[in-house]
Amino acid sequence: MKYTPQQRRRLLMQYLEQHGELSVDQMASELQTSEVTIRKDLAALESSGLLLRRYGGAIPLPSEMAAEKPGEPVSKRKLAIAKAAAKLIRDHNRLIIDSGSTTAAMLPELGNKQGLIVMTNSLNIANSLRELENEPTLLMTGGTWDPHSEAFQGQVAEQVLRAYDFDQLFIGADGIDINRGTTTFNELIGLSRVMAEAAREVIVMVEADKVGRKIPNLELPWDSIDTLVTDKTLSSEDRASIEALGIKLIIV
Numbered sequence: 005m006k007y008t009p010q011q012r013r014r015l016l017m018q019y020l021e022q023h024g025e026l027s028v029d030q031m032a033s034e035l036q037t038s039e040v041t042i043r044k045d046l047a048a049l050e051s052s053g054l055l056l057r058r059y060g061g062a063i064p065l066p067s068e069m070a071a072e073k074p075g076e077p078v079s080k081r082k083l084a085i086a087k088a089a090a091k092l093i094r095d096h097n098r099l100i101i102d103s104g105s106t107t108a109a110m111l112p113e114l115g116n117k118q119g120l121i122v123m124t125n126s127l128n129i130a131n132s133l134r135e136l137e138n139e140p141t142l143l144m145t146g147g148t149w150d151p152h153s154e155a156f157q158g159q160v161a162e163q164v165l166r167a168y169d170f171d172q173l174f175i176g177a178d179g180i181d182i183n184r185g186t187t188t189f190n191e192l193i194g195l196s197r198v199m200a201e202a203a204r205e206v207i208v209m210v211e212a213d214k215v216g217r218k219i220p221n222l223e224l225p226w227d228s229i230d231t232l233v234t235d236k237t238l239s240s241e242d243r244a245s246i247e248a249l250g251i252k253l254i255i256v
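Under my numbering, the first residue of the sequence shown is numbered 5, with each subsequent residue one higher.
As structure tokens, this is what we get:
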């Protein structure tokens with residue numbers, strides 16, 4: 005039987021819900037199609053926020069990530085964080101803006117800044133920057149496209165970043181580990197660390213409910229972070245712990 009893309013993807017999601025994981029080769033055999041087709045289906049489902057791809061297959065989207073569905077309006081907390089972070093930027097600053105919905109929310113606030121130079125690994129952020137009337141100078145990292153983060157990653161991107169010197173990095177996170185630093189579901193963490201090395205000031209933008217999330221991959225250790233911009237739901241205990249590490253806290 006030949007399935008349409010919609011039918012295949014529905015069957016893939018049903019299998020994933022029943023078994024908790026799936027493999028590309030097995031699903032290609034069961035649905036009588038090629039592994040390339042299954043990979044494309046999984047990429048489309050991941051882009052829609054329905055699953056998380058892993059080498060050779062896929063797993064269900066972790067509940068922490070499922071709470072943030074693509075296409076939904078940016079939350080008031082993210083907008084407040086974005087506005088506060090943008091106030092840290094001066095005219096003629098050289099910036100790195102990492103991919104992510106919180107960092108992207110900052111872009112409209114940059115329209116009154118003059119002479120900015122901005123490097124990003126995100127096509128979405130690059131396109132938004134091009135629409136600003138003040139026309140900041142745009143630099144792209146290049147590299148290998150990662151559909152999970154919807155951004156460029158890899159050694160080429162890292163080499164490009166190492167050739168520049170920046171004033172500030174603005175970056176989000178999937179979680180905050182009070183003892184370790186920022187954490188992420190994405191296993192591609194090399195570029196984030198190179199971004200931090202290339203910038204004089206590292207500003208993390210994250211909602212307070214991400215503090216304490218149990219996420220395996222350490223992205224940026226605390227000693228790589230200068231400023232954390234978050235919201236007023238941060239507990240007094242977590243606030244004291246973060247400030248004790250020498251991190252500048254901006255709470256909105």
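Glycine included, each C-beta is placed from N, C-alpha and C at the ideal position. It should be emphasised that the depicted structure is a prediction, and the values quoted were computed from it without experimental measurement.
Counting only runs that start and end inside the stretch 153 to 240, the alpha helix (DSSP H) elements of at least 4 residues fall at 159 to 166 and 194 to 202. Under the DSSP assignment, Met144 falls in the beta strand (DSSP E) whose first and last residues are Thr141 to Met144. Taken in chain order, the complete beta strand (DSSP E) segments of 3 or more residues contained in the stretch 72 to 150 are 98 to 101, 121 to 124, 141 to 144 and 148 to 150. In the DSSP secondary-structure assignment, Arg58 is bridged to Gly61. The Cβ neighbour count for Arg14, taken over all protein chains shown within 10 Å, is under 16; the residue is labelled exposed. Leu16: member of the alpha helix (DSSP H) spanning Pro9 to His23, first to last residue. The secondary-structure analysis by DSSP pairs Ser27 across a beta bridge with Gly61. Annotation: the continuous beta strand (DSSP E) that includes Ile254 extends over Lys252 to Ile255. For Ser245, the secondary structure class from DSSP, reduced to helix, strand or coil, is helix.
Taking Gly119 as the centre and dropping the five residues before and after it, the same chain places the C-beta of Asp95 and His96 closer than 7 Å to its C-beta, in chain order.
With fewer than 16 other CB atoms across the displayed protein chains lying within 10 angstroms of its CB, Pro9 is exposed. The three-state reading of DSSP puts Leu35 in coil, since its state is none of H, G, I, E or B. When DSSP states are grouped into helix, strand and coil, Lys44 belongs to the helix group.
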